[in-house]
Every structure is written in C-alpha cells, then in structure tokens.
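All the letters of the sequence shown, read from the start, carry residue numbers 1 to 202 under full-length UniProt numbering. For every residue, glycine included, the Cβ atom is placed at its ideal position computed from N, Cα and C. Shown next, in structure tokens, is the structure this report addresses.
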Amino acid sequence: MSAINSTGERIYRAIKRQVVAGEFRPAEKIDARILADQHGASLTPVRTALHRLVGEGLVEAHPNEGFHAPAVSEPLLHDLYVWNEQVLQAARRLGGDTDPQRLIPLPSDAAPDPAAFSARLFRAVALGSGNAICLSAVETLNDRLSAARAAEARLYDDLISEIQDLALVLSRSPDQAGRAIVGYHRRRLRDAPQIVRLIHRL
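What follows is the structure in structure tokens.
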C-alpha cells in the first residue's frame, strides 16, 4: 500500500471512529478543515474520507452546505430497526445452529458497554451465516445504529441481561430465535420516539 493510500485509510478510519462514537451531534456541521488540523492531514484525504462515509450513510452532504452528521428522525430510526431485524433473520436462517461461545463473546463477570455488546452479538450472528454480504450489512447497521444503542443504554436498565438472554436463545433454541429477534426489535420500535429524544440529548 502506498504512503498516500495508507494516509487516506488512516484518516478515514479515524474520522469514522469519531462519527460512530457520537462526537458530532445530529445534523451538526462537520468542518473538513478542523478535521484536517486534528489529524495532521491535508484537506484532500479528509474530504475523500467524508465522501466515503456519505456512501455508508454515516455522514450527509448538503449542496452548498458541506458535510453534516446525519439528522436522526423517528422514520429513519424505524427503518433502520426494521432492516436490522430483517438482516438478522436472514443471517439466522442461513447460519443454522450457532456456537453459544461465539454469540456470548464476553465472560459473565465482565461489565461490557451495552452498545458494543449488541454490535458484537449481531456481528457474531452474521458471521454464522457464512454470507459476506450479510456480514457487511450487519456491520453497516451496527455503525448506523451506534447512537441509538447508546440511547438504549440510558433507557433500558436491563439491556445487558436482555442481550445475554437473546444470545442464549439464538444459540440454544433455534425454534424460538425468530420470535426473540422480533421481540427485541418490537420493543425498540415502540420506544423509538423516546430513543430519538435521547439521541438529541446525548
């Protein structure tokens, strides 16, 4: 990999981490010059990285207004949750029986970050499908739902146990797995208005 490509990839990954970590508020303008200064880079790799993130749905580009963090609305969150459910159901059907140790990647005495724990569980389900496109879809959804999952951690006191219970059902009760995935998402679809409000407060 050339030095130019290596720099571009480093800048892309660094800015993506900032976006996924919620360093920009919904609809906040993202100044490419400030990012260039932060990362010790020229504007070209920063703008290239931001355009890549636009393609991933993690950044928005507005004509004559530059780049912005995505605006978060109930309809958008609804669509993301529905798509997440559909992809997970497809992964489950493709994957068959799943190793519970892979689905529960943290020891029981750990205190995981709920948003990261959710992402790891769903990535494990996608890996079990053996389908690269399914895995790519789940990874994109994990990134796009990171703000919502941070809000869920503030809304639900039982989030870690809910995720652990879901992992157990997925790994040990294939006949109940579909219903468990539906239940997980139904709760969030019901509470989408509260989740959106929390995202804007974070």
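Practice task
Report the three-state DSSP secondary structure of Gly-55 (helix, strand or coil).
Solution key: helix
Exercise for the section: From the DSSP output, read off the bridge partner residues of Val-62. Expected result: The sequence shown places His at residue 62, not Val. DSSP, once it has assigned bridges, lists Gly-66 as partnering His-62.
Problem - Close-in-space but distant-in-sequence residues of the same chain around Pro-63 (CB under 7 Å, 5 per side omitted) - result: none
Handout entry: Own chain, CB closer than 7 Å to Ile-34, minus 5 neighbours either side, in chain order
Key = none
Handout entry: Where the alpha helix (DSSP H) containing Phe-122 begins and where it ends
Key = 114 to 129
Exercise for the section: Tell whether a beta-carbon distance below 7 Å holds between Ser-129 and Leu-94. Expected result: yes
Practice task
Measure from the C-beta of Ile-163 to each C-beta in chain D and report whether the shortest distance is under 7 Å.
Solution key: Structure shown: chain D not included; a single protein chain is present.
Practice task
Let me know if Ala-124 comes out buried or exposed under the rule of 16 or more other beta-carbons within 10 Å of its beta-carbon.
Solution key: buried
Practice task
Tell me, please, whether the segment 135 to 144 touches the segment 152 to 168 by the rule of three or more beta-carbon pairs shorter than 8 Å.
Solution key: no
Practice task
Take Ile-11 and list the residues in its own chain whose beta-carbon comes closer than 7 Å to its own, dropping the five residues that flank it on each side.
Solution key: Apart from the 5 residues on each side of it in sequence, Ile-11 sits with its Cβ closer than 7 Å to the Cβ of His-39, Ala-41, Pro-45, Val-46, Ala-49 in its chain, given in chain order.
Handout entry: Where the alpha helix (DSSP H) containing Leu-35 begins and where it ends
Key = Leu-35 -> alpha helix (DSSP H) spans 32 to 39.
Exercise for the section: Return the residue from the list Leu-53, Ser-171, Arg-179, Gln-194 that minimises the CA-CA distance to Gly-8. Expected result: Nearest C-alpha to Gly-8 among Leu-53, Ser-171, Arg-179, Gln-194: Leu-53.
Handout entry: N-terminal and C-terminal residue of the alpha helix (DSSP H) that Ala-153 is part of
Key = From DSSP, the alpha helix (DSSP H) with Ala-153 extends over 146 to 155.
Practice task
Give me the Cα-Cα distance between Gln-18 and Ala-61, rounded to the nearest whole angstrom.
Solution key: 17 Å
Problem - Leu-43 to Asp-37 span [Cα, whole Å] - result: The straight-line gap from Cα to Cα measures roughly 9 Å.
Problem - 8 Å contact criterion, which Arg-144 and Leu-88 should meet: CB distance rounded - result: Between Leu-88 and Arg-144 the Cβ distance is about 14 Å, and since that is not below 8 Å, they are no contact.
Practice task
Report buried or exposed for Glu-152, applying the criterion of at least 16 other Cβ atoms within 10 angstroms of its Cβ.
Solution key: buried
Practice task
Could you tell me which residues DSSP puts in a beta bridge with Lys-29?
Solution key: Under the DSSP definition of a beta bridge, Lys-29 partners with His-68.
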